[in-house]
């Protein structure tokens, strides 16, 4: 079992538990307290937005099967006002449930019965990504969140999580932004799946490969929203790349290096 001793620094993190099974919720709250976090149990399952506003969580543990509305619905509601990590916890183990969790704004998925070492590893990883040592980096200093990077007329404003193309823009989630940044910084070269996984998660040992596929699909849809269909290419057996020729042709420009924002 992974050993996570009590850490005083964890006490700054509020974690909201959205679980209608009292026994499981109590077990989760007790475990989080032992590791120094501030657990908060949601109680208003008919109007969870009130709990979210009151708790202002740094991370949410979200069950799927809930009274009134399911966890997918509440994750979408939460995403309207917060980018804090959402980890789904569910007895459902089907691939489609995991795909739907990511599609509806979740950051990760844990199946029941919950293994405490895995849960804590994923919580700590998500918190590091959102607020800690990886909050403004994705494995290297080149991913600083106060930079912009472009290929042709396609530009990512990482500080605002905005992808811009020929006067239009679309807001990205944290994972979409990290993927877009890795692909743009590659300058049209192929980025392997392993490298993309590492850009999203500092510990990939517990990450399902399908999770990356779902995030790539979401980024493709965002690109299509601003008029770029087919620009994010899959190179079978190797990884992904942005079609530099297509971007240059449609945008009328060439790639540019990351630019510092003063």
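Numbering (my numbering), first residue to last: 180 to 441.
Ideal Cβ positions, reconstructed from N, Cα and C, are used throughout, including at glycine.
Q.
In whole angstroms, give me the CA-to-CA distance for residue 418 and residue 225.
A. 43 Å
**Q.** Start and end residues, alpha helix (DSSP H) containing residue 277
**A.** 274-282
Q | Closest residue to residue 303 among 351, 290, 286, 292 (Cα-Cα distance) | A | 286
Q. Taking the alpha carbon of residue 396 as the point to measure from, which residue in 406, 405, 412 has its own alpha carbon closest?
A. 412
**Q.** Validate contact between the segment 365-373 and the segment 245-263 using beta carbons, cut 8 Å, 3 pairs
**A.** no
Q: Starting from the Cα of residue 200, find the closest Cα among 230, 379, 235, 243 and give me that residue.
A: 243
(Q) Which same chain residues end up closer than 6 Å to residue 317 when comparing Cβ atoms and leaving out the 5 residues on each side of it in sequence? (A) With a pLDDT of 39 at residue 317, under the threshold of 50, the modelled position of this residue cannot be trusted, and the question is left open.
Q: Taking residue 448 as the reference, give the member of 260, 247, 291 with the closest Cα.
A: Residue 448 lies beyond the stretch modelled for the chain, which goes from 180 to 441, so this question has no answer here.
(Q) Quick check: residue 269 and residue 280, are their CB atoms within less than 9 Å of each other? (A) Closer than 9 Å, so yes.
Q: Report yes if the C-beta distance between residue 335 and residue 327 is below 9 Å; otherwise report no.
A: Between residue 335 and residue 327, the CB-CB gap stays under 9 Å.
**Q.** C-beta atoms of residue 197 and residue 227 nearer than 9 Å
**A.** yes
Q: Please state whether DSSP places residue 406 in a helix, a strand or coil.
A: Correct three-state label for residue 406: coil.
Q | Buried/exposed call for residue 406, threshold 16 Cβ in 10 Å | A | So residue 406 ends up on the exposed side.
Q | Whole runs of the beta strand (DSSP E) within the segment 341-371, excluding any shorter than 3 residues | A | 341-344, 347-350
Q | alpha helix (DSSP H) segments (min. 4 residues) lying fully within the segment 234-274 | A | List check, alpha helix (DSSP H) in window: 250-258.
Q: Along the beta strand (DSSP E) that carries residue 212, what are the first and last residues, could you check?
A: Counting along the chain, residue 212 falls outside any beta strand (DSSP E), though it belongs to the alpha helix (DSSP H) covering 201-213.
Q. For residue 229, does the count of other Cβ atoms within 10 angstroms reach 16, so buried, or fall short, so exposed?
A. Around the beta carbon of residue 229, fewer than 16 other beta carbons lie within 10 angstroms, which makes this residue exposed.
Q | Backbone secondary structure at residue 194 - three-state DSSP | A | If DSSP states are grouped into helix, strand and coil, residue 194 belongs with the strands.
Q) Nearest to residue 360 by alpha carbon, out of 342, 348, 347, 373? A) Of the candidates 342, 348, 347, 373, the one whose C-alpha sits nearest the C-alpha of residue 360 is 342.
Q. Residue 414 to residue 214, Cα distance in whole Å?
A. So the two alpha carbons sit approximately 43 Å from each other.
Q: Just confirm the distance between the C-beta atoms of residue 219 and residue 194, as a whole number of angstroms; I'd bet it's less than 8 Å.
A: 7 Å
Q) For residue 423 versus residue 331, is the C-beta distance shorter than 9 Å? A) Going by C-beta atoms, residue 423 is nearer than 9 Å to residue 331.
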